[in-house]
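2 protein chains.
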Amino acid sequence: MNMKQPSSFPVRLILVCLFIFPPLLHAQEFLPSWNDNGSKQAILEYVHAVTTPGSPDFITVPDRVATFDVDGTLVTEKPLSLETYFMISSVKKILADAPDKEISHSQKTLAEGTDSEVDSMSGKDYDQAFAETYSGNSQEEFSSKVVNWAANWLHPRFKKGVSRLCYVPMKELMDFLRASGFTVFIVSGSNIDFIRPFSEELFGVPQNQVIGTESVLKYKVIDNKSYVVKQSRIDVVTVGPNKPIMIEKHIGRRPVFAAGNGTSDPEMLTYVSDGKRKNMCLLIHHDDPDREYQYTNGELVKLANQRGFVIVRMKEDWKTVFPE
Amino acid sequence: MNMKQPSSFPVRLILVCLFIFPPLLHAQEFLPSWNDNGSKQAILEYVHAVTTPGSPDFITVPDRVATFDVDGTLVTEKPLSLETYFMISSVKKILADAPDKEISHSQKTLAEGTDSEVDSMSGKDYDQAFAETYSGNSQEEFSSKVVNWAANWLHPRFKKGVSRLCYVPMKELMDFLRASGFTVFIVSGSNIDFIRPFSEELFGVPQNQVIGTESVLKYKVIDNKSYVVKQSRIDVVTVGPNKPIMIEKHIGRRPVFAAGNGTSDPEMLTYVSDGKRKNMCLLIHHDDPDREYQYTNGELVKLANQRGFVIVRMKEDWKTVFPE
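Chains as they are written, first to last, in this note's numbering: chain A, 1146 to 1469; chain B, 1146 to 1469.
Here it is in structure tokens:
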């Protein structure tokens, strides 16, 4: 029988060498885009402590679970989140295809509002607009809409596509955790099916390790073929206390490592830091208006200080922000 | 930094040899507990077709998703399901600890009913009894109850514990699929948190690749510590059309391989067989009263014949049923 596609011979040879001589791995520099200061040291020390056999803080591989928020933690979320740009594009397309189509007030805000008007929509209006816009889409249809949008969209300020808005240091951090036996999950307030089509390429996270806001879905047989179809309601908005709940539903374990930056993350970080095993929480702090943006979540900084989370300061801690 | 725990040298050597010379893998016999007849041949041919580069039916690794029902597909479900025995034990324990405690009619059936009375409970009553019995349990508490129960329980007829009630040929099938680049998921009508504590040991399936019935969960802070706690209601009963829905929620892809045996599985099997990629569905047919049980799901056999599913006949197709 034919197994997985064989890698090329040089790749095989290097992997074999690393496998026979694991000390070679140690020579590799981890987190190259992080400056050598407190945050990087804290991460290296934590991972060393929990992965060294015999260490009092040793954690077995199945329990090495790490969860990352997306917007503002792995990718730029200003002036608007990626998902918001996708929704704006979708509503505009609906109107371009059928100018007389009746749309809701929230969809109208998306199509015609300023960034600030869109940004001030209530969570409820935003979720309702999402549900209305994609109601009736099969999972496959929705996924190809995301892929098509991502192929063309550019960020208004950086003129970069989705794949180049991911913070390089955070990508390195996820790679480092995986190389250290962690399983890395995404826990986003954006719709789970919006993140999935690029989770593998951008974050190295398989689609089934993505957790996010979930639409009500329905099983439907249309012309003798079965589909799972998005309905006009949101089932679970994965923010705040719903983050630990959805972590339990999808992972079934309390993570030992988490990173977040916004109002959707305090409960996830609290849940992780309340675990019995040695844990680490990162708060990504946006203090770099030149390279990215400057904004603060005061409540979260307070929580971070109370609980000893590592506050990652973009300006001081990161050599680079985006891929070249 | 210290990476994953190093394996012993002989293990390393064998793995390295297999890695350098993948043809060695071909010498290994797959599915040794399957008789060499139609079912085994069909499985081998399917996996060959979808994993051979250049084959018109080739499927890339991320799309090689396989889903397995549990009760009656991977483990014995007669006279009652594993979860039912766990619930009976839990309700009896509640009454032993507090004999005057008021319990519901459904809980009373579990504690005092005959197998046949318990088996004829409606799905609604059964789910309600589950929810009542474990309401208030944190995820960690519930998980240790399952582990404690599984450590002591023996099947009434076979006098075997949970780990020895898993069908050997199905375990081999899951191993074979994994060796061929598939990701294997469990999709059970039992509670997701009931399956998880033994999914890794019994099925080789990591906890986050288990899908099942889900309780309503709540995030709670008790004595300044955060928990996720089961509530007195079931959120989603993962049977019938909810199987494809929960597959989309947890996996985000239509599987290409599935196995089932009961009334909870027709929609999952239909959904898989309606996919665009070459797919395979197995129906596990219980026709072996001497080694296991004999019972038929007529509707499912009809569907299997209509759609060309492979009907696995325990008696003819399996050399052994349970581990020695």
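All C-beta atoms in this analysis are idealised placements derived from N, C-alpha and C, irrespective of residue type, glycine included.
Check	Outcome
Beta-carbon within less than 7 Å of LEU1255 (chain A)'s beta-carbon, same chain only, minus the 5 sequence neighbours each way: which residues are those?	MET1232, ILE1233, VAL1236, VAL1263 and ALA1274
Any residues in the stretch 1388-1413 of chain A with a beta carbon nearer than 7 Å to a beta carbon of chain B? Which ones, in chain order?	PRO1389, ILE1390, GLU1393, LYS1394, HIS1395, ILE1396, GLY1397, ARG1398 and GLU1412
Using 8 Å as the limit for Cβ to Cβ distance, is ARG1341 (chain A) near chain B?	yes
Residues of the stretch 1341-1358 of chain A in Cβ contact with chain B at a cutoff of 8 Å, in chain order, please.	ARG1341, GLU1345, PRO1351, GLN1352, ASN1353, GLN1354 and VAL1355
Give, in chain order, every residue of the stretch 1325-1338 of chain B whose Cβ lies closer than 9 Å to some Cβ of chain C.	Among the chains of the structure shown, chain C does not appear; the protein chains present are A and B.
Could you round the C-beta distance between SER1375 (chain B) and PHE1287 (chain B) to whole angstroms and report it? I think they count as a contact, below 8 Å.	Sequence check: residue 1375 (chain B) is Lys here, not Ser. About 6 Å; that satisfies the 8 Å criterion.
I'd like the list of long-range same chain contacts for ALA1449 (chain B), defined as Cβ closer than 6 Å, with 5 residues on each side in sequence excluded.	LEU1428 and ILE1456
Can you grab the Cα-Cα spacing for the pair PRO1314 (chain A) / SER1184 (chain A), in whole Å?	11 Å
In three-state terms, what does DSSP make of THR1218 (chain B)?	coil
Between MET1459 (chain A) and ASP1433 (chain A), is the Cβ-Cβ spacing less than 8 Å?	yes
Just list the residues that DSSP pairs SER1430 (chain B) with in beta bridges.	Per the sequence shown, the amino acid found at residue 1430 (chain B) is His instead of Ser. B:ARG1458, per the DSSP bridge assignment.
Is there a Cβ from chain B that is less than 8 Å from the Cβ of LEU1227 (chain A)?	no
I'd like to check one pair, THR1229 (chain A) with GLU1437 (chain A): are the Cβ atoms closer than 8 Å?	no
Would you please verify whether the beta carbon of ASP1419 (chain A) is less than 8 Å from any beta carbon of chain B?	yes
Identify the contact partners of ASN1373 (chain B) in chain A, using a Cβ-Cβ distance below 7 Å as the criterion.	Reading off the sequence, residue 1373 (chain B) comes out as Val, not Asn. Per Cβ cutoff of 7 Å: PRO1389, ILE1390 and GLU1393.
Following the continuous beta strand (DSSP E) through VAL1381 (chain B), name the residue where it begins and the one where it ends.	1370-1381
For the beta strand (DSSP E) containing ASN1387 (chain B), name the first residue and the last one.	Counting along the chain, ASN1387 (chain B) falls outside any beta strand (DSSP E), though it belongs to the alpha helix (DSSP H) covering 1387-1395.
Quick one, which of A:LYS1223, A:SER1280 and A:THR1278 has its alpha-carbon nearest SER1261 (chain A)'s?	A:LYS1223
Under a CB-based cut-off of 8 Å, is SER1438 (chain A) close to chain B?	It should be pointed out that residue 1438 (chain A) corresponds to Tyr in this sequence rather than to Ser. Taking Cβ atoms only, chain B never reaches closer than 8 Å to TYR1438 (chain A), which makes this a no.
For ASP1216 (chain B), does the count of other Cβ atoms within 10 angstroms reach 16, so buried, or fall short, so exposed?	buried
When you compare only the Cα positions, how much space is there between ASN1442 (chain A) and TRP1463 (chain A)?	19 Å
8 Å is my cut-off, CB to CB: does THR1415 (chain A) come that close to chain B?	yes
Considering only C-alpha positions, which residue in the set A:ARG1452, A:PHE1327 and A:MET1319 is nearest to THR1218 (chain A)?	A:MET1319
Mind checking who PHE1213 (chain A) pairs with in its DSSP beta bridge?	A:ILE1331 and A:ALA1404
So, with DSSP's three-state summary, where would you put ILE1204 (chain A)?	coil
I'd like the list of long-range same chain contacts for CYS1311 (chain B), defined as Cβ closer than 8 Å, with 5 residues on each side in sequence excluded.	LEU1219, VAL1220, LEU1347, PHE1348, PHE1467 and PRO1468
Return the CA-CA distance between ASP1208 (chain A) and THR1196 (chain A), expressed in angstroms with no decimal places.	11 Å
Write down every uninterrupted run of the beta strand (DSSP E) in the stretch 1207-1292 of chain B whose length is 3 residues or greater and which is fully enclosed by it, in chain order.	1210-1213
Taking 7 Å as the limit between beta carbons, can you name the residues of its chain near VAL1116 (chain B), skipping five residues before and five after?	The question about residue 1116 (chain B) has no answer, for chain B in this structure spans 1146 to 1469.
State the DSSP-derived secondary structure class of TYR1191 (chain A), mapped to helix, strand or coil.	helix
Is LYS1370 (chain A) close to chain B, meaning its C-beta is less than 8 Å from at least one C-beta of that chain?	yes
Would you verify that the beta carbon of PRO1314 (chain B) is, or is not, closer than 8 Å to some beta carbon of chain A?	no
Quick one: what's got a C-beta closer than 6 Å to ARG1422 (chain B)'s C-beta in the same chain, skipping five residues either side?	ILE1204 and VAL1401
Can you give me, in chain order, the residues of the stretch 1439-1468 of chain A that have a beta carbon less than 9 Å from any beta carbon in chain B?	none
Here's the rule I'm using: 16 or more other beta-carbon atoms within 10 Å means buried, otherwise exposed. How should LYS1394 (chain A) be labelled?	buried
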